[in-house]
Structures are given as C-alpha cells and as structure tokens.
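Shown next, in structure tokens, is the structure this report addresses.
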Amino acid sequence: DVNGKVICFIEREVPFHLKAVYDNQYLLETSSLLDYEGTKEFSFKIVASDSGKPSLNQTALVRVKLEDENDNPPIFN
Numbered sequence: 008d009v010n011g012k013v014i015c016f017i018e019r020e021v022p023f024h025l026k027a028v029y030d031n032q033y034l035l036e037t038s039s040l041l042d043y044e045g046t047k048e049f050s051f052k053i054v055a056s057d058s059g060k061p062s063l064n065q066t067a068l069v070r071v072k073l074e075d076e077n078d079n080p081p082i083f084n
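Rendered as structure tokens:
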C-alpha cells in the first residue's frame, strides 16, 4: 500500500541523521562528534510524509540537550 509508506527527513542541516531500521521506523543517529563547549542544545524538526496522492505530512520538534562530560562521549537524557 503506497499510501501507508512513510518517509521521514530532518528539515535542516544538523549533526544528526535518520536511519530507516524497519518499515516506517527510523533511528536518530549522530553524524559527527558533538562538542558541549560548541553547542549545548540542538532543536530541529523531523517531517514524516506518506506516499499518497495528495501526500499528508506531520512535523515533530526534537530537542537534544548535551551534558558536559569532560570531552567524553555525550550522554542523552
């Protein structure tokens, strides 16, 4: 069913990407190392669109807050 196929994407350039892991399921992953001293928080929108005609879509706001761990890998809450 083409109408049930959902495609997700991040609306702007951020150091994250979406990885399709299963039908209509995505995983948010980092694309590069994150530096607390450089940017403490990221806010961006993820858009989900179906393949119907006309296409329907929904947007979600995502906020990622970093914790300072003395340059060790970040921990997400």
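Quick note on numbering: the sequence shown equals residues 8 to 84 in my numbering. In this text, a Cβ means the ideal position worked out from N, Cα and C, and glycines have one as well.
Extent of the continuous beta strand (DSSP E) to which residue i belongs
i, result
"T37", "Q32 to T37"
"I82", "Element bounds for I82: n/a, residue is neither H nor E."
"K52", "E48 to D57"
"V150", "Examination of residue 150 is not possible in this model, given that the chain is present from 8 through 84 alone."
Best match in the options for proximity to residue i [C-alpha to C-alpha]
i, options, result
"F83", "G45, V54 and T37", "T37"
"N31", "V13, V21 and K60", "V13"
"Y29", "C15, F49, L40 and L41", "C15"
Whole-Å CB distance - residue i paired with residue j, under 8 Å assumed
i, j, result
"E18", "V54", "6 Å"
Are the segment 58-67 and the segment 20-36 in contact at 8 Å, needing three or more beta carbon pairs? As far as the Cβ criterion goes, the segment 58-67 does not touch the segment 20-36, which means the pair count is below three.
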